[in-house]
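**Q** First to last, the sequence lines map onto chains X and H. If you use the numbering used here, the first sequence corresponds to residues -16 to 98, in order. If you use the numbering used here, the second sequence corresponds to residues 4 to 117, in order. A virtual CB, placed ideally from N, CA and C, is assigned to each residue, including glycine.
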Amino acid sequence: SAVISQKPSRDICQRGTSLTIQCQVDSQVTMMFWYRQQPGQSLTLIATANQGSEATYESGFVIDKFPISRPNLTFSTLTVSNMSPEDSSIYLCSVEEALVKETQYFGPGTRLLVL
Amino acid sequence: AQSVTQPDIHITVSEGASLELRCNYSYGATPYLFWYVQSPGQGLQLLLKYFSGDTLVQGIKGFEAEFKRSQSSFNLRKPSVHWSDAAEYFCAATYGGATNKLIFGTGTLLAVQP
Chain X
-16 SAVISQKPSR DICQRGTSLT IQCQVDSQVT MMFWYRQQPG QSLTLIATAN QGSEATYESG
44 FVIDKFPISR PNLTFSTLTV SNMSPEDSSI YLCSVEEALV KETQYFGPGT RLLVL
Chain H
4 AQSVTQPDIH ITVSEGASLE LRCNYSYGAT PYLFWYVQSP GQGLQLLLKY FSGDTLVQGI
64 KGFEAEFKRS QSSFNLRKPS VHWSDAAEYF CAATYGGATN KLIFGTGTLL AVQP
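(1) Using a C-beta to C-beta distance shorter than 7 Å, which residues of chain X count as neighbours of H:N103?
(2) Please decide whether X:Y40 counts as near chain H, where near means a Cβ-Cβ distance under 8 Å.
(3) Can you tell me the Cα-Cα spacing of H:L112 and H:P10, whole angstroms?
(4) Shorter than 8 Å from the beta carbon of H:L49 to some beta carbon of chain X?
(5) Excluding five sequence neighbours on each side, which residues of the same chain lie with their C-beta closer than 8 Å to the C-beta of X:S64?
(6) Alpha carbon to alpha carbon, what distance is there between X:S77 and X:E37?
(7) Which chain H residues are close to X:Y88, counting only those with a beta carbon under 8 Å from its beta carbon?
(8) Please return the same chain residues whose Cβ sits closer than 6 Å to the Cβ of X:V8, not counting the five positions on each side in sequence.
(9) Whole angstroms are fine: how far does the CA of H:E91 sit from the CA of X:M66?
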């Protein structure tokens, strides 16, 4: 499966600031996704990152708060904007490969603490 | 709404004992089903998946899962647990559609006693 890396692996941020998380894949993939895992909780899909067009957001998530870019088939960013302590979570990207359809592989995650 | 349920929040087993983690999916069209494992401080690793065909699927690390349509279940099993299996286990499903959205259960935290 594809090797997925995320930067940063963890960060501590002040409220009101923004953080951009990068997701890099070592091969071209068809689909890229961003999930949030709040403390002690399961994973929730934030959005599907579409290459060359606007991301598709799930209910409860908006572009102003979580702008996403996907300039090519191997890279995507998620920005957490105007952060509050409630944004403290693990943010994970996942990918679906062309040769292994319907199966998502996850990156190591970015652990964010907002003070 | 489509959902995945993991009834057990926390399970403790002795090393060497057998393990079964329960997962139920919401009734309706059969989804694609997955089990992922998350070790402390790590991302999610895919253990196994079921799309169709043989209802008993084998995965990595000695895990297997059985799909039972009549019970809407996809339980994960391992005959002999190792201390390194201590982690959180997530059952997940996709119900198709344009986004291939994964719906996760709430997870089961497995502790392994020596």
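**A** Well, looking at it:
(1) For the purposes of this step, residue 103 of chain H is taken as the residue at position 100 of the second sequence. Chain X residues near H:N103: M14, E79 and E85.
(2) Counting from 1 along the first sequence, the entry for residue 40 of chain X is found at position 57. For X:Y40, the answer is no, since every Cβ of chain H falls outside 8 Å of its Cβ.
(3) The residue you call residue 112 of chain H lines up with position 109 of the second sequence. The residue you call residue 10 of chain H lines up with position 7 of the second sequence. Their backbone Cα atoms lie some 11 Å apart in a straight line.
(4) The sequence position of residue 49 of chain H within the second sequence is 46, counting from 1. H:L49 counts as touching chain X.
(5) Mapped onto the first sequence, residue 64 of chain X falls at position 81. Answer for X:S64: S1, D47, K48, F49 and P50, listed in chain order.
(6) Counting from 1 along the first sequence, the entry for residue 37 of chain X is found at position 54. Counting from 1 along the first sequence, the entry for residue 77 of chain X is found at position 94. In a straight line, the C-alpha of X:E37 is about 17 Å away from that of X:S77.
(7) Numbered from its first residue, the first sequence carries residue 88 of chain X at position 105. Those are L49, listed as they occur along chain H.
(8) Taking the first residue of the first sequence as position 1, residue 8 of chain X is located at position 25. Contacts found: A(-15), I(-13), T57 and V78.
(9) Numbered from its first residue, the first sequence carries residue 66 of chain X at position 83. Numbered from its first residue, the second sequence carries residue 91 of chain H at position 88. X:M66 and H:E91: Cα-Cα distance of roughly 28 Å.
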